[in-house]
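Notes follow once the structure below has been shown.
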Amino acid sequence: MTLAADAATSLGATGLGATERWDVIIIGAGLAGMYQLHRLRQLGLKAHVYEAGGDVGGTWYWNRYPGARFDSESWTYGYSFSDELLDEWDWSEHFSAQPETLRYCNHVADKFDLRRDITFGARVRSATYDEAANEWEVAFGDGGCARARFLITAIGPLSAPTMPVIAGVGDFKGEAYHTGLWPHEPVSFAGKRVAVIGTGATGVQAITEVAKTAGHLTVFQRTPNWCAPLRNSPINAATQATIKANYSEIFAKCRDSFGCFIHAADPRNALDVSASEREAFYEKLYGEPGFGIWMGNFRDVLIDKAANDTLTAFVARKIRGRVKDQRLADRLIPTNHGFGTRRVPLESGYYEVYNQPNVRLVDVRETPIERITATGIATSDAAYDFDMIVFATGFDAITGSFDRIDIRGRGGRRLKDKWADGPHTYLGLQIEGFPNMLTLVGPHNAATFCNLPRCIEQNVDWVTDLLRHMRDNGLSRIEATAPAEEAWTAHVHDSAARLLAVQVDSWMTGVNRNVAGRQKRTFMAYAGGAPKYRDKCDEVAARGYEGFVLA
Ligand SMILES: Cc1cc2nc3c(=O)[nH]c(=O)nc-3n(C[C@H](O)[C@H](O)[C@H](O)COP(=O)(O)OP(=O)(O)OC[C@H]3O[C@@H](n4cnc5c(N)ncnc54)[C@H](O)[C@@H]3O)c2cc1C
Numbered sequence: 003m004t005l006a007a008d009a010a011t012s013l014g015a016t017g018l019g020a021t022e023r024w025d026v027i028i029i030g031a032g033l034a035g036m037y038q039l040h041r042l043r044q045l046g047l048k049a050h051v052y053e054a055g056g057d058v059g060g061t062w063y064w065n066r067y068p069g070a071r072f073d074s075e076s077w078t079y080g081y082s083f084s085d086e087l088l089d090e091w092d093w094s095e096h097f098s099a100q101p102e103t104l105r106y107c108n109h110v111a112d113k114f115d116l117r118r119d120i121t122f123g124a125r126v127r128s129a130t131y132d133e134a135a136n137e138w139e140v141a142f143g144d145g146g147c148a149r150a151r152f153l154i155t156a157i158g159p160l161s162a163p164t165m166p167v168i169a170g171v172g173d174f175k176g177e178a179y180h181t182g183l184w185p186h187e188p189v190s191f192a193g194k195r196v197a198v199i200g201t202g203a204t205g206v207q208a209i210t211e212v213a214k215t216a217g218h219l220t221v222f223q224r225t226p227n228w229c230a231p232l233r234n235s236p237i238n239a240a241t242q243a244t245i246k247a248n249y250s251e252i253f254a255k256c257r258d259s260f261g262c263f264i265h266a267a268d269p270r271n272a273l274d275v276s277a278s279e280r281e282a283f284y285e286k287l288y289g290e291p292g293f294g295i296w297m298g299n300f301r302d303v304l305i306d307k308a309a310n311d312t313l314t315a316f317v318a319r320k321i322r323g324r325v326k327d328q329r330l331a332d333r334l335i336p337t338n339h340g341f342g343t344r345r346v347p348l349e350s351g352y353y354e355v356y357n358q359p360n361v362r363l364v365d366v367r368e369t370p371i372e373r374i375t376a377t378g379i380a381t382s383d384a385a386y387d388f389d390m391i392v393f394a395t396g397f398d399a400i401t402g403s404f405d406r407i408d409i410r411g412r413g414g415r416r417l418k419d420k421w422a423d424g425p426h427t428y429l430g431l432q433i434e435g436f437p438n439m440l441t442l443v444g445p446h447n448a449a450t451f452c453n454l455p456r457c458i459e460q461n462v463d464w465v466t467d468l469l470r471h472m473r474d475n476g477l478s479r480i481e482a483t484a485p486a487e488e489a490w491t492a493h494v495h496d497s498a499a500r501l502l503a504v505q506v507d508s509w510m511t512g513v514n515r516n517v518a519g520r521q522k523r524t525f526m527a528y529a530g531g532a533p534k535y536r537d538k539c540d541e542v543a544a545r546g547y548e549g550f551v552l553a
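For what it's worth, this note's numbering labels the leading residue of the sequence shown as 3, then goes sequentially.
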């Protein structure tokens with residue numbers, strides 16, 4: 003079996019010889035790394051990006067699987083920092099598909115001439131703080147290295163793909179693809195016997211698309227997820243004009259909402275209204291596009307079990323109404339968590355796929371996969387032959403991309419060891435013992451619960467202001483204090499305590515059965531909401547970067 007991967011990445015090749023030197027090294031050329039580069043250039047700093055992939059875009063460069071598209075409204079997702087960019091870019095759909103988003107990333111890179119300061123095909127294998135020089139050295143797969151005073155990680159919350167822990171996972175002789183390492187060439191499913199393993203957000207998107215042309219599709223499901231309709235549609239000329247005329251209101255609304263989505267929670271409690279009023283509200287939300295049913299629902303549905311039960315029962319009824327075979331519907335309805343307590347996949351005809359004669363669901367809780375063979379997949383009760391296996395098995399989320407770099411701070415301390423029992427950070431942006439390293443969209447940041455670009459812009463602007471402050475005041479070293487880090491880490495856990503989501507295994511709680519050492523629940527994100535997070539970051543800066551030692 004060969005899994006498609008970027009050739010440059012698999013070599014880890016940079017083509018670098020001698021050590022390259024910069025003021026700032028940024029790892030990653032997704033939305034965070036691109037914007038950070040742009041801002042640091044404006045400051046007049048010599049910044050350089052090292053990116054494992056062959057071009058810009060991050061998530062949108064790697065995830066080319068069929069069906070990949072936004073669940074954020076496109077027009078809330080683009081960068082907000084340039085009016086000219088907002089004005090000249092037309093999103094064609096309310097929830098654009100991956101090719102369009104990748105085109106957008108390329109457009110931004112061209113417009114701001116970003117590529118001249120990015121080295122592609124450069125996977126950073128290690129990053130070491132040199133205390134004597136007060137510099138970071140990053141090393142690549144090919145032996146090349148680079149040095150800078152500051153290291154900024156922009157390595158993505160969902161960028162470390164994981165394969166399932168199944169015996170014989172490398173034995174399959176047919177076509178095999180991981181959705182997060184999808185080939186650049188078109189992949190045809192026509193007439194083929196296809197298996198998809200995984201029914202998370204990606205699996206749900208891919209299954210719906212593959213089912214359209216596959217000869218036969220078998221879905222291997224371990225944990226069903228609560229999905230809701232995406233209700234995507236094209237953007238016509240009149241709507242396009244309205245969106246463009248209203249960008250400042252749109253972004254202001256996003257800024258004020260918990261996760262920077264356009265959907266704000268309803269101020270009522272679910273159980274404070276009558277059953278018929280509640281039902282009508284759920285019906286309305288189910289009929290609307292996007293995350294409204296998750297983010298714009300009654301204010302207590304994600305924190306109060308009795309409230310959540312009403313929503314969960316509503317969505318279960320919807321699934322039953324869409325799947326003809328009720329025994330199959332039973333298998334598609336989650337029983338181990340309530341609606342919205344894990345990430346909600348948005349779908350476009352997902353449940354109807356199971357009414358097709360060419361689609362079969364294998365529930366691996368009933369008949370576990372025993373091994374992958376040369377010709378297919380063997381479960382406890384059958385051997386299935388396939389032409390293709392699609393691994394929609396997701397990512398080692400949030401900390402996975404950190405773990406894949408050997409990061410060593412003061413005294414040679416490994417970040418992986420420091421985070422062995424879960425992340426410890428200050429503001430999700432800095433780590434005690436790792437001076438001058440700043441972590442965009444890192445763990446404990448509000449960004450992980452966010453309509454990402456909105457939080458990325460906040461993270462990057464804050465870091466840029468910090469570096470400006472340091473330059474203007476002749477400072478060259480910043481490190482979080484241990485008490486500030488402890489207090490923030492405790493606050494992150496407190497912020498999550500009231501959420502029903504903390505009682506559920508998911509990537510938000512750091513559990514991934516495909517990754518060794520990720521079986522214990524922790525909390526990966528700041529759950530106090532983006533507005534509070536932004537206020538806290540601003541307050542820290544206003545108080546002269548309280549909680550940090552600057553020198
Ligand atoms: C399929 C999918 C759909 C999504 N849809 C949405 C959505 O609708 N709305 C939303 O808000 N978010 C969505 N997300 C989350 C998405 O990750 C963010 O929106 C955003 O793209 C994150 O940008 P980033 O720059 O932080 O990280 P990324 O886009 O992940 O970029 C990180 C980059 O760092 C590089 N990198 C990592 N490690 C190394 C290393 N060691 N050396 C060199 N380079 C490295 C990677 O190759 C990658 O290019 C989605 C994610 C996925 C996977």
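Virtual Cβ for every residue (Gly too), placed ideally from N, Cα, C.
Treat the numbers as computed from the prediction; the structure is a model and nothing was measured.
If you run the structure through DSSP and keep just helix, strand and coil, what is residue i?
| i | result |
| --- | --- |
| V494 | helix |
| P485 | helix |
| M439 | strand |
| I295 | helix |
| V26 | strand |
| P347 | coil |
| L552 | strand |
| P445 | coil |
| T16 | Residue confidence for T16 is low, a pLDDT of 46 falling below 50, so the modelled location carries little weight; the figure read from the coordinates is stated next. Correct three-state label for T16: coil. |
| D132 | strand |
| F525 | coil |
| F451 | helix |
| F300 | strand |
Residues in its own chain within less than 6 Å of residue i by CB, not counting five upstream and five downstream?
| i | result |
| --- | --- |
| T377 | D387 |
| S508 | R344 |
| C107 | V58, G59, W62 |
| F550 | I480, A482 |
| R41 | V462, T466 |
| L13 | Note that L13 has pLDDT 32, beneath the 50 cutoff, so the model's placement of it is unreliable and the number below is only indicative. Cβ within range, chain order: n/a, list empty. |
| A31 | V51, E53, V58, I120 |
| L33 | P455, I458 |
| T130 | E139, R410 |
| A555 | Shown here, the chain extends from 3 to 553; a query on residue 555 therefore has no answer. |
Quick one: measure Cβ to Cβ for residue i and residue j, integer angstroms, because I've assumed they're closer than 8 Å.
| i | j | result |
| --- | --- | --- |
| A399 | F451 | Rounded, the Cβ-Cβ distance is 12 Å, inconsistent with contact. |
| M439 | W138 | 7 Å |
| G123 | G56 | 6 Å |
| A162 | F436 | Not quite, the Cβ-Cβ distance comes to about 19 Å (not below 8 Å), so this is no contact. |
| T369 | S382 | 5 Å |
| R324 | E354 | 6 Å |
| L304 | L502 | 6 Å |
In the DSSP assignment, find the unbroken alpha helix (DSSP H) run with residue i in it and report its ends.
| i | result |
| --- | --- |
| F316 | 307-324 |
| Y52 | Element bounds for Y52: not the alpha helix (DSSP H) but the beta strand (DSSP E), 49-52. |
| I458 | 454-474 |
| R329 | 328-334 |
| C147 | Careful: C147 lies outside any alpha helix (DSSP H), inside the beta strand (DSSP E) at 147-155. |
| L502 | Unbroken run through L502: none, as it is neither H nor E. |
| L273 | Run containing L273: none; DSSP gives neither H nor E here. |
| E568 | Since the first residue shown for the chain is 3 and the last is 553, residue 568 is missing from the structure and cannot be characterised. |
Using a Cβ-Cβ cut-off of 7 Å (strictly less than) and excluding sequence neighbours within five positions of residue i, which residues of its own chain qualify?
| i | result |
| --- | --- |
| T21 | C147, A148, R149 |
| T256 | The sequence given here places Cys at residue 256; Thr does not occur at that position. Correct list, in chain order: T78, C262, F263, I264, N453, R456. |
| G205 | V198, A394 |
| F300 | D268, R270, N271, A272, A309 |
| D365 | Q223, R333 |
With residue i as the anchor, note down where its beta strand (DSSP E) starts and where it stops.
| i | result |
| --- | --- |
| E139 | 137-142 |
Ordered along the chain, which non-local residues of its own chain (more than five positions away) have a Cβ less than 8 Å from that of residue i?
| i | result |
| --- | --- |
| G292 | D73, S74, E75, H96, F97, L232, R233, F263, I264, H265, L348 |
| D601 | Nothing about residue 601 can be read from this structure; the chain reaches only from 3 to 553. |
Ranges of the beta strand (DSSP E) found wholly within the stretch 165-202, counting only runs of at least 3: Inside the stretch 165-202, DSSP marks whole beta strand (DSSP E) runs of 3 or more residues at positions 177-180, 195-199, from first to last along the chain.
Inside the stretch 200-251 only - alpha helix (DSSP H) runs reaching at least 4 residues: Complete alpha helix (DSSP H) runs here, min 4: 203-212, 239-247.
4-residue-minimum alpha helix (DSSP H) runs that sit fully inside the stretch 349-431, ordered along the chain: Within the stretch 349-431, the alpha helix (DSSP H) runs of at least 4 residues that lie entirely inside it are, in chain order, 352-355, 402-405, 417-420.
Segments assigned alpha helix (DSSP H), at least 4 residues, entirely inside the stretch 45-130: For the alpha helix (DSSP H) assignment, the uninterrupted runs of no fewer than 4 residues enclosed by the stretch 45-130 are, from N- to C-terminal side, 61-64, 76-79, 85-90, 100-113.
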